[in-house]
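Before any comments, here is the structure.
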Amino acid sequence: MPFKVNWDALGIATSVACAIHCAVLPLLLSSLPIFGINIIDNIVFEYCMIFLAAAIGVYALYHGYKKHHHNPGPLLAFSAGIVLLLLKQVLHHLQLWFLVPAVFAIVWAHFRNFQLYRQGQHCHTGDCKH
114 MPFKVNWDAL
124 GIATSVACAI
134 HCAVLPLLLS
144 SLPIFGINII
154 DNIVFEYCMI
164 FLAAAIGVYA
174 LYHGYKKHHH
184 NPGPLLAFSA
194 GIVLLLLKQV
204 LHHLQLWFLV
214 PAVFAIVWAH
224 FRNFQLYRQG
234 QHCHTGDCKH
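At position 113 of the sequence shown (counting the first as 1) the number is 226 in this note's numbering, and the numbers step up by one without a gap.
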């Protein structure tokens, strides 16, 4: 039996992990600089988390879009969420205002993609590969 990855579940998990990192980590790990460890407000770490979530999300959502439902809604919501995460990095003083809607948009995109996949409403156009 081949192993199959549920990319939507993985996308939701990485989005939630990112939200936990952004919201809780600064509170719990504020003493790490005393030990010479600095992942709080580490720009490289922050962008790596965003790009990891983006890579997994794009793969999961594009797969659902191309092979199953052809509904661009989840891709658009996910893209908006990633843009909001990038804005959070640029406009750091407003990060909470961008973080909350970004996480909701990304999680909703994966959830909606999963719903559309489960509904099984295949359009069977010429570009379908199923």
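We put the beta carbon where it would ideally sit given N, CA and C, even for glycine. For clarity, every value in this text was computed on a predicted model and none was experimentally measured.
By the 16-neighbour rule on beta-carbons within 10 angstroms, Gly149 is exposed. Shown here, Val118 sits in coil according to DSSP, grouped into three states, outside any helix or strand. Contact annotation, Ile125 with Val216: C-beta distance approximately 10 Å; criterion of less than 8 Å not satisfied. A distance of 8 Å or more separates the beta carbons of Arg231 and Gly186. In this structure His223 is in contact with Asp121, their Cβ atoms being roughly 5 Å apart against a cut-off of 8 Å.
CA-CA distance, Leu200 to Phe211, rounds to 7 Å. Nearest C-alpha to Ala218 among Leu204, Leu229 and Ile195: Ile195. By the C-beta density criterion, Cys131 is buried, having at least 16 other C-beta atoms within 10 angstroms. Assigned with DSSP and collapsed to three states, Gly194 falls in helix. The alpha-carbon separation between Val203 and Leu229 amounts to approximately 33 Å.
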